[in-house]
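In the numbering used here, the protein residues as written are 93 to 453.
What follows is a set of notes on a single structure, which appears directly below.
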């Protein structure tokens, strides 16, 4: 029995050493990456795809490259990044080789997708030295061999020493199981905890929910929703947890602002569609009037164009339906909707008068 036990422990120890040795080989290759592979994000992802076949190796290569090449931008903040589009954040991080956590995570997420790995940028807050950090943080979740793993490219990359940023790769934040990373990284939205029993923090205390949570189905549904519904559902899930801390308050404020933007953009699209349909109706009406004026002496010929008038009325009804779908209007849109509705009503009245005139002729 002792010999069997010894052999079992020996093989386990050998496996761990072998894995670390594999990481070392990947790290060495990243340190010798050719300049041509670093000219663009697509070039970098293509090089990683060719050099590394397994997904864990690709994840290691991505995180190691980011750790070696990006420096933390202490003159910026994640709040500033929220004012930019994701593609701008990622492009800036790669071009300048510096960013805050949003840039680190965004770049890693982009590279993951380019090398065929399902991933997401996770927004949340952290617990440091037993205290909730009120500042939001961002990291990455990636699916490897049907399991979700957590990666923090920011915390793994280095630290500030005597006012200077020093690169120093920290293994603690590479490919971490969700149940371990939750001890320091808590997503705002519970679906991104990848836990059957999500956790949340209030007043520097961490609580674990007692009811089981189906995060797999929730994520699948999340992927199918519009941005507006994704934001709405995240707000609902956060409020259901009734967690209160400064970081969550900031997140909710950010989400409500984004929801206002989504609603405004949705209204703009509806309004522009209504304008387009109205203008088409005006064109059709002008065409009919021109035809009618040329055939005043042949009323029977004009009557054959009555279906055109019904078509124009249908277009105007469609315009009105689009305007009715608009909700919570801002003052500028409300004025536009009022003016357009009045124009629609006026044109419908003219068309109805024309129909009556033709029918009674």
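Glycine included, every Cβ here is placed at the ideal spot set by N, Cα and C.
The C-beta distance from residue 276 to residue 262 rounds to 12 Å, too long to fall under 8 Å, and the pair is not in contact. The three-state secondary structure of residue 278, taken from DSSP, is strand. Comparing alpha carbon positions, the residue from 412, 119, 425, 381 closest to residue 450 is 381.
The three-state reading of DSSP puts residue 256 in strand, counting E and B together. Non-local C-beta neighbours of residue 446 in its own chain, meaning closer than 6 Å and more than five positions away in sequence, are absent.
Nearest C-alpha to residue 299 among 115, 211, 290: 290. Partner residues in a beta bridge of residue 380, as assigned by DSSP, do not exist. Distances from the CA of residue 324 to each of 403, 334, 367, 349 were compared; the closest alpha carbon is that of 349.
Relative to residue 360, the option among 287, 345, 415, 408 whose CA is nearest is 415. Our two residues, residue 228 and residue 278, have alpha carbons roughly 10 Å apart in a direct line. Closest option to residue 330, judged by alpha-carbon separation, among 282, 358, 162, 320: 282.
If you draw a 10 Å sphere on the C-beta of residue 226, you find fewer than 16 other C-beta atoms in it, and that means exposed. Nearest to residue 273 by C-alpha distance, out of 245, 241, 303, is 241. For the stretch 166 to 228, the continuous beta strand (DSSP E) assignments of 3+ residues that do not extend past its boundaries occur at 211 to 220, in sequence order. Per DSSP, residue 293 is one residue of the beta strand (DSSP E) stretching across 291 to 294. Proximity of the stretch 185 to 201 to the stretch 113 to 128 falls short of the contact definition, fewer than three beta-carbon pairs being nearer than 8 Å. Of the candidates 435, 292, 151, the residue whose Cα lies closest to the Cα of residue 245 is 151. Taking all protein chains in view, the Cβ of residue 181 is crowded by 16 or more other Cβ atoms within 10 Å, so the residue is classified as buried. Rounded to whole angstroms, residue 387 and residue 430 show a C-alpha spacing of 36 Å.
The continuous beta strand (DSSP E) containing residue 242 extends over residues 239 to 243. Spatial neighbours of residue 232 in its own chain (CB-CB distance under 8 Å, excluding positions within 5 residues in sequence) are listed in chain order as 197, 200, 201, 204, 211, 212, 213, 214, 242, 243, 244, 245.
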